[in-house]
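Structure first, commentary second.
Protein chains in written order, with this note's numbering: chain L, 525 to 1377; chain C, 458 to 702.
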């Protein structure tokens, strides 16, 4: 565990490797004159991982005489390469914060108001929680819910605990882009939204990518901007499609200030233009998508013996799609068994004929000639038909891509992301070198590719998040919807109200849209347990018991360290003993399971942990003895072939990086190509769900967006009265991660309170000066409800005059001297429920507002 | 003797302000002191708008106006180019603050131990920190540095003295990069010896056109910018960090 900085750097130099060294540090680090001894007595460097963000950047903690004095980036960690974002640096202050929850707390006052607490021993608190879990599980396991924010040890929490306890797991959701994930899984079989192959991409649509503040697809920040800078320095062009310029900043070569929530329309117009230009990859569409499949008049594929038919131009007859030697048609109209039929591509071409650039210009508020230019540049840059050789393998080369993530959080989010994928499919760029990627790891088909295609809509009663329901057949299990259902279970065919919820490192009252609904929903729980280092707003208002988790003072993982080009694994290693009476989260789960009687034996937590960690037989945990957390990681590491076990990570933090070979990275050249699936240009099953939903008589609002091709309609919010003349969007700041760091004084000092960004000409027309206090009032077009908050107006030229923006981190997320007065959260202005969620039950961060003094 | 300089690549800066945080933790500066500050600027009118970012450390001028006006020799220029502040000798007259055209001097208005964000004398915290304020207090800052062996490192020394960016003298003398440079996620900050033609700073200055801030004043800054352009009256500061009162 004791390593000197110098040795460490020497050891890691080889691993951190060429990519950045050659680009960024041409020449060696400067040799500076050393006049002083190099280190303090008692100095140690502990490798660990950032606790705040989701990409778990590698860190080294400089410890002197047992006290941590600095956190620096781990030089050998592929995701951050020796650097940290402001949160990574500043969390050292959080470590020592005397305002952390120091002991287990038990509530002494009523719920729904700021909590009053008495300190409890761990034994008392855990016994209380364990008994509740035991009691409720015996009565009806559906009454137990479990919810976690960013998962830092999926095997321990999401898998083993959920399985052992039988709890219903709510998705972490929050600001996550679930609708985009579902679109990716459904359309091309990859779980992820959209990001480029930065090493080769030459033309990038940064679609709502807040690149100076937020990660982009899946990662939380540093990795993507580091790869972006290299791509830019190589000459990549970046077109920012965003109502605000601030996110892309000076990295945008061109800015298309799109009207909020019209992304679907723009993507459809790009499809229209690519087809009109003829810049489409026919070979890809024919071989790897369902574009040639014949659709009958009823909207379903024609099949023979369960095989979809295509029109074979060679024999001029319908043939099963996988018949050898056929020449499938993409276009034309045919007659099969006396009835008309056409290839899906033909139907798509007809479908997008209406979406002209002039039409999109009107909808999106972006000039038609700019849309045409982007389509032309996409078509030219895609170099359809070309290949390049990577790792000795010829890979189709389509150096065009989209980076998109949080823009998926809109009412039409699922179909908007599907339409963006269709743009890239037309270009043949999915899984190509320089083209479109979706997951940060290897090209791996997700089980949802099949599952989301074969959903059987069930009769009520439904579970609390409406799984397999006629309301949201594709379902991301979002807490805002759960809160809505909790308030009115009968309406949704739910015949129970859950009683106990365990909220782990999650702050749903602040993190989800529609704060008032969340508050009403969480009021219904009879018993709320919060596991968190801080007294979150959720804990403050609703927790019966708060269990203090450690921050960096714990073992946690295993954590992926891949940057998409190399693969590595890391662990979070305790930088010191847990402060106060806090404990590592895994330790808490072990004890909690013991108290609840679900730790030992077959089907217990340890049993499921063996499965979740994929431990080989010789390293499996005995099922009759509670192990230490360190021992579990030791077994895991040894089982994974690391002979030194956990000691390896205590010394090094992260495994050596292994390059991901081209045959794992690029869908075109995996074996079989694209994992053997055909990408869904046509979403036949979406049409099937739509029919089924209509047949069951649910309101149009639920089924109208289940269309086989993405289809534009005006978002529901457009029905608000004309005085609500502005769009409100929310966004992330680099200083904070959701609500997880707004109490860290070093960060709160940089951005102390909420504001609303407004274009000066919009503001002046309302008599609003820069810095004035204003009301922002939102309107729900379905229910007529209005909500308003008071905040500070800030002039920005870099935002559309019809749009205002608010950062999303605030709202006194945590009870702390530095969060007092930080102002409202925009989540108190957004809505959930009909008209304000995507058709896949994902939240929307869009609403019409008016702003006045 | 080396001739140290910093080169800041504005083409790479994302304005993330991680350098400000690295500086604050490494140098233990009190609240509202930003020895490294990152400006976020907006220019032009919608939709012809430009957004850019500019880190601003102390310029460590060769012709340092602050050193000239210091009546007690507390502010001085070292042979290697660092402009240092000897806080043992500073009398708090703030002449340097007035003389500096870059606004990089910070006066300790409050007793620093009372100006570190939170009350660190909490008894549970003290058990771990031994009472250190701030709790991440860096022991490297206590040593004397330079040929002069004067105490010039770190911040939060005394009420009534001036402090500013030292180029992390405590690190530079150990052969390390200043904390802001070492941490920059986009490798936008560079530090090294201008007399070494192979240093990163020398190479960058050969490769790209550069400017210095307020060059016309003849201060001869040791901080060079490449990429981008100098701020002008058209540059409006956004997301400004103000001291919390």
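Using N, Cα and C, we set each Cβ at its ideal position, and we do this for glycine too.
Treat the numbers as computed from the prediction; the structure is a model and nothing was measured.
Reference residue i; option with closest CA among the options
i: residue 1370(L); options: 590(L), 954(L), 935(L), 588(L); result: 935(L)
i: residue 1094(L); options: 1179(L), 1140(L), 1166(L), 1142(L); result: 1179(L)
i: residue 1229(L); options: 595(L), 998(L), 680(L), 762(L); result: 998(L)
i: residue 1318(L); options: 1304(L), 1239(L), 1365(L), 1375(L); result: 1375(L)
i: residue 584(L); options: 600(L), 577(L), 576(L), 578(L); result: 600(L)
i: residue 1139(L); options: 1111(L), 1110(L), 1169(L), 902(L); result: 1169(L)
i: residue 895(L); options: 1335(L), 1221(L), 778(L), 873(L); result: 778(L)
i: residue 1343(L); options: 861(L), 1275(L), 1363(L); result: 1275(L)
i: residue 930(L); options: 596(L), 1304(L), 702(L), 1160(L); result: 702(L)
i: residue 1289(L); options: 1250(L), 1213(L), 806(L), 939(L); result: 1250(L)
i: residue 1191(L); options: 1235(L), 1287(L), 1316(L), 1203(L); result: 1203(L)
Test: residue i CB closer than 9 angstroms to a CB of chain L
i: residue 687(C); result: no
i: residue 474(C); result: yes
i: residue 496(C); result: no
i: residue 585(C); result: yes
i: residue 672(C); result: no
i: residue 699(C); result: yes
i: residue 477(C); result: yes
i: residue 510(C); result: yes
i: residue 558(C); result: no
i: residue 547(C); result: no
Beta bridge counterpart(s) of residue i as assigned by DSSP
i: residue 499(C); result: 508(C), 693(C)
i: residue 671(L); result: 694(L), 1027(L)
i: residue 860(L); result: 863(L)
i: residue 1301(L); result: 1312(L), 1374(L)
i: residue 719(L); result: 961(L)
i: residue 1327(L); result: 1251(L)
Residue i versus residue j: straight-line alpha-carbon distance, rounded
i: residue 1127(L); j: residue 1133(L); result: 10 angstroms
i: residue 1164(L); j: residue 581(L); result: 21 angstroms
i: residue 573(C); j: residue 587(C); result: 16 angstroms
i: residue 870(L); j: residue 854(L); result: 6 angstroms
i: residue 1009(L); j: residue 1035(L); result: 18 angstroms
i: residue 619(L); j: residue 1027(L); result: 21 angstroms
i: residue 462(C); j: residue 623(C); result: 12 angstroms
i: residue 809(L); j: residue 697(C); result: 50 angstroms
i: residue 686(C); j: residue 501(C); result: 14 angstroms
i: residue 654(L); j: residue 1116(L); result: 6 angstroms
i: residue 1061(L); j: residue 1348(L); result: 13 angstroms
i: residue 1355(L); j: residue 655(C); result: 58 angstroms
i: residue 591(C); j: residue 1225(L); result: 56 angstroms
i: residue 746(L); j: residue 717(L); result: 18 angstroms
i: residue 730(L); j: residue 1083(L); result: 28 angstroms
i: residue 667(C); j: residue 580(C); result: 52 angstroms
i: residue 750(L); j: residue 641(C); result: 11 angstroms
i: residue 650(C); j: residue 537(C); result: 9 angstroms
Interface flag, residue i vs chain C, CB-CB below 9 angstroms
i: residue 531(L); result: Low per-residue confidence applies at residue 531(L): pLDDT is 36, beneath 50, and the placement is therefore not dependable, though the value from the model is reported in the following sentence. No, because no Cβ of chain C sits closer than 9 angstroms to the Cβ of residue 531(L).
i: residue 770(L); result: yes
i: residue 1058(L); result: no
i: residue 614(L); result: yes
i: residue 880(L); result: no
i: residue 591(L); result: yes
i: residue 1273(L); result: yes
i: residue 1322(L); result: yes
i: residue 595(L); result: yes
i: residue 994(L); result: no
i: residue 575(L); result: no
Whole-Å CB distance - residue i paired with residue j, under 8 angstroms assumed
i: residue 646(L); j: residue 628(L); result: 6 angstroms
i: residue 526(C); j: residue 547(C); result: At roughly 13 angstroms, the Cβ-Cβ gap does not stay under 8 angstroms, so residue 526(C) and residue 547(C) are not in contact.
i: residue 565(C); j: residue 487(C); result: 7 angstroms
i: residue 673(L); j: residue 994(L); result: Their Cβ separation, rounded to whole angstroms, is 30 angstroms, which puts residue 673(L) and residue 994(L) out of contact at 8 angstroms.
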